[in-house]
Amino acid sequence: MKPLPLFPVSTVGSWPRPQELLRALRRKQQGQVTAEEFSRIADAAVLEALRCQESAGIDLVTDGEQRRDNFYSFVAEKLDGVRLMSLAEMLDVVEDKAGFERILQTLDVPAFSIQNPTCVGRISLREPLALDEYCFLRQHTNRPIKVPLPGPYLLTRAMWVKEVSRAVYPSKEDLAEDVVAVLRQEAFALRDAGVDFIQFDEPVLTELVFTQGQTRTFMCAALAARKDPAEELEFAVALINRVVAGLDGVRTGLHICRGNWSQREETLLSGSYHPLLPYLARINVQQLVLEYATPRAGELLPVTGKELGLGVVNPRTADVEAVEGIVERVREALRLLPPENIFLNPDCGFGTFSRRPMNSLEIATKKLEAMVEAATVLRREFQDTSTVRRVAGALPGNG
Amino acid sequence: MLFFQVRFCGLPSSPRGMCMTDYTWTVRVERVGEQEAKVFSRNHVFVVGEQASFRETDPHPSAVEYLLGALGGDLLRGFQIQAARQRVAVDALEVMLSGRLNNPLSHLGVVGEAGHPGLESIQGTFYVSADADRSALEEMWRAALERSPLFNTLRRSVELSLELRVML
Ligand SMILES: [Zn+2]
């Protein structure tokens, strides 16, 4: 793993995709483009995303999730036993059709834009989930690399659609066993290949606490399975901990946010991370990558013994945050955490869903630049304590 | 049963010689149960449930829902025709419509309620994903609205606000 400076600047993963790539993604889904042709277009897009990050000066880069249609449904192409189901197909099988309609209205999206990776058979890795993404990026940059992966709870909730999955996995807990196995396999392969940071995305956790178990996004297809939130959170914690158990030598993180599907802030969930605190403390990752750039996030909470990937810019707004404001936010975090435990990042991706980029390339780049400038100010201030950081394996909290 | 009436005349005509300026459609609706009506229209049959339903589930769509659905179908089809005319490949089309009665209580017959039970407003989003730039799609959308029978009927009596949303 490569060393990082104090206050490393990173992203949460995704980056707006160029038009040509969006067209190619669409054509790929319709089987109208060869794998080579798609790779050619996607490779170029990844290099452009990398160039933006490097020229902005961020310390920990990603491939912008350019090859993925979104941050979790892409697994359908890589796993046996999983099929992307359009909403129309899902509607045919799920019982609560009116519930689906409510979700669509909340999300403010057309049904055709939603494709759920649905478990239809026994799941196993057909090809790596992200290893090839990493290998390509590694060839083109010397900077430390972060690879985002969908978390085990998210995948289990999304993929287990009772009506079609129960023939193979009678319960979502049964499916979770294989999800954990698949993610462990991938995470260890990434670690062995030299990835610096593996980030697991678990946006559904906020949904559990802010909606009293009422599903509000398509990330949880199992609409009928409305269980006690506390029980679900325990289940999620156990799954994540099983995935990262023994995963030394790589920094691990968990990204939790309140949704990144709309620029209309009022449609997104809001509330403090406070109810999650007891669970987060028990999750064995080194870093929590959290959103703190909007008032929806509530006050900063201390999670001792962990790094904080502090969300300091809002990926959804057109205004670029002022550097002083970012510095100020970090200072607030410094009341709770030592400087070496703070990373700077946006609240979420800039293109979580390929068809719903949250910002233009120009503004997204300016937001990265603002974070880099803020980090420069902070580093100057904390120079005395600024030593090159050793890697994650030695940090506490690695299960 | 007579499903639709066509009068023949010598004026601007369709290939089969029907007079298009005087074209009339007819449906026949019969009571088939306590709470449902069956609609015969040419060689189609469909069932209408309540006038307006306030329940979560029902055996059949209500009359209000058919009206909204009919408008949606009209708009989708109209857009598709414009797209075909412009040789634009459309990946996906979808429309979401919601209607609101002026006063649902007056529909329910609540004594002393002001207002009327008619639709007050219809609000909707028309989603399109196609291989064309926004201005071309907007042009097609305008043309589709201009030629839509139901849009042009309803907009005279209901507050109609429809938005075109271009999806990448
Ligand atoms: Zn997020």
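Read top to bottom, the protein sequences are chains A and B. Each number in the working numbering comes from the position in the first sequence (counting from 1) with 19 added on. Each number in the working numbering comes from the position in the second sequence (counting from 1) with 39 added on. All C-beta atoms in this analysis are idealised placements derived from N, C-alpha and C, irrespective of residue type, glycine included.
Under 9 Å by beta carbon: chain A residues contacting residue i
i	result
Met179 of chain B	Near Met179 of chain B there are no residues of chain A at all, since even the closest Cβ is about 17 Å away, more than 9 Å.
Ser168 of chain B	Arg45, Pro129, Phe131, Ser132 and Arg374
Heavy atom of ligand 1 within 8 Å of residue i beta-carbon
i	result
Pro222 of chain A	yes
Val166 of chain A	no
Thr371 of chain A	yes
Glu310 of chain A	yes
Val332 of chain A	no
Gly138 of chain B	no
Val31 of chain A	yes
His274 of chain A	yes
Where the beta strand (DSSP E) containing residue i begins and where it ends
i	result
Phe165 of chain B	Leu158 to Ala169
Met104 of chain A	Leu98 to Ser105
Gln306 of chain A	Gln306 to Leu309
Gly328 of chain A	Glu326 to Val332
Ser200 of chain B	Glu198 to Val205
One or two residues paired with residue i in a DSSP bridge
i	result
Asp220 of chain A	A:Pro169 and A:His274
Met135 of chain B	B:Thr164
Arg225 of chain B	The structure shown does not extend to residue 225 of chain B, since chain B spans only 40 to 207, so no value can be given for it.
Phe85 of chain B	B:Val78
Gln134 of chain A	A:Ser105
Cys143 of chain A	This sequence places Ser at residue 143 of chain A; Cys is not what is there. Note: Ser143 of chain A sits in a beta bridge opposite A:Asp99.
Ile164 of chain A	A:Val80
Leu140 of chain B	B:Leu158
Ser29 of chain A	A:Leu79
Val129 of chain B	B:Ala169
Gly268 of chain A	Its beta-bridge partners do not exist; DSSP assigns none.
Gly72 of chain B	B:Glu75
Residue interval of the alpha helix (DSSP H) (run including residue i)
i	result
Cys367 of chain A	Premise fails: Cys367 of chain A is in no alpha helix (DSSP H) and is neither H nor E.
Phe90 of chain A	Note, Phe90 of chain A: premise wrong, no alpha helix (DSSP H); not H, not E.
Val201 of chain A	Lys191 to Ala212
His146 of chain B	Pro143 to His146
Gly108 of chain B	Ala102 to Arg124
Val256 of chain A	Pro248 to Val263
Ser58 of chain A	Ala54 to Ala75
Val349 of chain A	Val342 to Leu353
Thr395 of chain A	Leu380 to Glu400
Ile122 of chain A	Lys116 to Leu126
Cys154 of chain A	Leu150 to Arg157
Val298 of chain A	Here residue 298 of chain A turns out to be Tyr, not Val, going by the sequence shown. That run of the alpha helix (DSSP H) goes Leu296 to Leu299.
Glu182 of chain A	Lys181 to Ser184
Phe190 of chain B	Pro188 to Leu193
Arg2 of chain A	Here chain A covers residues 20 to 418 and nothing more, so residue 2 of chain A does not appear.
Neighbour list for residue i in chain A, Cβ cutoff strictly below 7 Å
i	result
Asp130 of chain B	Arg45
Glu89 of chain B	Residues of chain A passing the Cβ test: none, with the nearest at roughly 15 Å.
Listed by chain order, chain B residues near residue i by CB distance under 8 Å
i	result
Ala117 of chain A	Glu95 and Thr96
Leu41 of chain A	Leu207
Distance cut-off 8 Å: residue i Cβ against heavy atoms of ligand 3
i	result
Gly368 of chain A	The ligand content of the structure shown is limited to ligand 1, which means ligand 3 is not among them.
### Query
Taking Cβ-Cβ distances below 9 Å as the criterion, which residues of the segment 125-159 of chain B are in contact with chain E?
Among the protein chains in the structure shown, which are A and B, there is no chain E.
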